[in-house]
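Protein chains in written order, with full-length UniProt numbering: chain F, 1 to 144; chain V, 1 to 252. Backbone N, C-alpha and C fix where the C-beta goes; we use that ideal spot for every residue, glycine too. Please read all numbers here as calculations on a predicted model, not as lab measurements. Remarks on the structure that follows.
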């Protein structure tokens with residue numbers, strides 16, 4: 001369950017909650033033109049405008065490697081076709097659940113776990129916490 | 001001394017967190033500036049206020065605390081007035097608008113949903129649906145991973161297929177949860193997720209919303225969903241003339 005009561009945001013576990021809603025605090029909310037707003041220059045944890053990831057050779061190689069590692073032969077994934085899709089989704093679901101336990105933690109933390117998991121599969125790829133979740137406008141635009 | 005504004009509430013709000021610690025180090029105490037039917041939560045501000053983690057948290061905490069007992073219009077972080085009198089002037093000037101907004105948001109909270117792909121799961125799906133990609137993978141594997149060019153070719157096609165799914169999945173998240181919300185607002189774009197959507201949910205139907213999220217999780221197990229709420233209604237304070245709150249959820 002990843003519903004994080006907002007009240008927790010002020011508590012010990014608050015930083016992760018804050019991380020996930022920071023763009024709302026900084027980019028939404030009431031603005032009154034009679035008031036001055038502090039400059040956002042130099043913000044230490046702002047993530048929204050620094051992560052323009054462009055489709056890159058790195059991305060392609062990473063996906064290619066991930067596909068190579070993917071266990072297509074195991075269980076329901078063998079010769080996957082549409083008839084097998086249901087079984088496949090079910091199995092992915094179990095993984096999704098286990099990841100769910102990490103949800104709500106700071107993204108950097110879950111990325112660290114993910115990386116550890118990937119390394120556990122014998123992957124020697126260096127850590128790329130930002131590149132892993134790279135779906136971005138930037139890339140889409142370049143793609144088009 | 002500049003005055004920092006956290007949010008605006010009705011003067012009848014039953015439990016404004018007066019005296020609570022706000023921004024600054026040491027924390028400045030939260031005060032309440034009243035005018036007519038309205039009250040603003042304010043505090044003194046440090047001269048060098050920056051969007052630091054501690055101050056962002058303080059902003060959020062004050063609004064959480066106030067929002068738990070009644071509707072509050074959350075300010076965007078970092079709003080500064082010259083002094084308390086300037087705050088009073090704004091409350092007086094726009095009393096009607098704020099009062100209307102407070103009424104509209106009474107008993108409602110924002111739930112923010114971010115979705116990302118479980119990479120393993122989505123790769124499985126993409127390959128399952130695309131025999132051509134699957135055979136490319138097989139070729140590469142037989143070649144011990146494939147040449148640099150082979151990897152690039154595979155990676156490019158897989159990336160395109162995953163992106164295509166992102167667009168569809170993003171729409172699906174919104175479609176699945178929209179019926180449980182009074183209003184919907186697309187969050188700021190970011191690169192960490194394929195969907196970032198805020199929903200305005202009546203507090204007494206929050207259970208239904210959470211259940212809808214759980215159902216979405218079950219139905220779309222390749223999606224990692226992160227839900228945050230109840231939050232102060234950051235995304236619903238000022239919909240603007242082009243997008244009245246009442247039909248923001250309506251999709252033609």
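Contact belief for residue i with residue j at Cβ below 8 angstroms, rounded distance in angstroms
| i | j | result |
| --- | --- | --- |
| residue 18 (chain F) | residue 198 (chain V) | With a Cβ gap of about 16 angstroms, residue 18 (chain F) and residue 198 (chain V) do not count as contacting. |
| residue 44 (chain V) | residue 4 (chain V) | 7 angstroms |
| residue 233 (chain V) | residue 108 (chain V) | 6 angstroms |
| residue 230 (chain V) | residue 206 (chain V) | 7 angstroms |
| residue 38 (chain V) | residue 80 (chain V) | Their Cβ separation, rounded to whole angstroms, is 19 angstroms, which puts residue 38 (chain V) and residue 80 (chain V) out of contact at 8 angstroms. |
| residue 122 (chain V) | residue 175 (chain V) | So it is not a contact: roughly 18 angstroms between Cβ atoms. |
| residue 62 (chain V) | residue 6 (chain V) | 5 angstroms |
| residue 15 (chain V) | residue 102 (chain V) | With 8 angstroms as the limit, residue 15 (chain V) and residue 102 (chain V) do not qualify as a contact, their Cβ atoms being about 15 angstroms apart. |
Backbone CA spacing between residue i and residue j [nearest angstrom]
| i | j | result |
| --- | --- | --- |
| residue 115 (chain F) | residue 31 (chain F) | For residue 115 (chain F), the predicted model reports a pLDDT of 44, less than 50, meaning its position is unreliable and no value from the coordinates is stated. |
| residue 135 (chain V) | residue 145 (chain V) | 13 angstroms |
| residue 151 (chain V) | residue 131 (chain V) | 17 angstroms |
| residue 67 (chain V) | residue 153 (chain V) | 52 angstroms |
| residue 75 (chain V) | residue 32 (chain V) | 15 angstroms |
| residue 36 (chain F) | residue 17 (chain V) | 24 angstroms |
| residue 22 (chain V) | residue 95 (chain V) | 25 angstroms |
| residue 214 (chain V) | residue 82 (chain V) | 46 angstroms |
| residue 105 (chain V) | residue 64 (chain F) | 48 angstroms |
| residue 93 (chain V) | residue 100 (chain V) | 14 angstroms |
| residue 190 (chain V) | residue 126 (chain V) | 23 angstroms |
| residue 72 (chain V) | residue 195 (chain V) | 26 angstroms |
| residue 59 (chain F) | residue 155 (chain V) | 7 angstroms |
| residue 187 (chain V) | residue 139 (chain V) | 41 angstroms |
| residue 2 (chain V) | residue 28 (chain V) | 12 angstroms |
| residue 225 (chain V) | residue 216 (chain V) | 9 angstroms |
| residue 228 (chain V) | residue 236 (chain V) | 15 angstroms |
| residue 65 (chain V) | residue 97 (chain V) | 23 angstroms |
Best match in the options for proximity to residue i [C-alpha to C-alpha]
| i | options | result |
| --- | --- | --- |
| residue 181 (chain V) | V:187, V:196, V:201 and V:169 | V:201 |
| residue 34 (chain F) | V:84, V:116, V:226 and V:69 | V:84 |
| residue 223 (chain V) | V:183, V:229, V:162 and V:46 | V:162 |
| residue 38 (chain F) | V:40, V:39 and V:46 | V:46 |
| residue 22 (chain F) | V:77, V:127 and V:225 | V:77 |
| residue 58 (chain V) | V:26, V:194, V:71 and V:210 | V:26 |
| residue 193 (chain V) | V:169, V:203 and V:204 | V:169 |
| residue 221 (chain V) | V:133, V:177, V:120 and V:188 | V:120 |
| residue 86 (chain V) | V:237, V:103 and V:42 | V:42 |
| residue 61 (chain F) | V:173, V:157 and V:98 | V:157 |
| residue 160 (chain V) | V:133, V:172, V:178 and V:185 | V:133 |
| residue 24 (chain V) | V:56, V:34 and V:208 | V:56 |
| residue 238 (chain V) | V:185, V:228, V:203 and V:209 | V:185 |
| residue 173 (chain V) | V:209, V:203, V:70 and V:143 | V:209 |
| residue 29 (chain F) | V:69, V:141 and V:60 | V:60 |
With 16 other Cβ atoms within 10 Å as the buried cut-off, status of residue i
| i | result |
| --- | --- |
| residue 148 (chain V) | exposed |
| residue 8 (chain V) | buried |
| residue 219 (chain V) | exposed |
| residue 12 (chain V) | exposed |
| residue 124 (chain V) | buried |
| residue 57 (chain F) | exposed |
| residue 36 (chain V) | exposed |
| residue 167 (chain V) | exposed |
| residue 1 (chain F) | Confidence at residue 1 (chain F) is low in this model, with a pLDDT of 41, below 50, so the placement of that residue should be treated as unreliable; the coordinate-derived value is given next. Looking at its Cβ environment, which holds fewer than 16 other Cβ atoms inside 10 Å, residue 1 (chain F) is exposed. |
| residue 20 (chain V) | buried |
| residue 118 (chain V) | buried |
| residue 71 (chain F) | exposed |
| residue 51 (chain V) | buried |
| residue 54 (chain V) | exposed |
| residue 116 (chain V) | buried |
| residue 204 (chain V) | exposed |
- Task: At 3 residues or longer, and completely inside the stretch 87 to 114 of chain V: list those beta strand (DSSP E) runs for me, N to C.
- Result: none
- With a floor of 3 residues, list each beta strand (DSSP E) that falls wholly inside the stretch 118 to 148 of chain V, ordered by position along the chain. none
- At what residue ranges does the stretch 195 to 230 of chain V contain a whole run of the alpha helix (DSSP H), taking only runs of 4 or more? List check, alpha helix (DSSP H) in window: 206 to 219.
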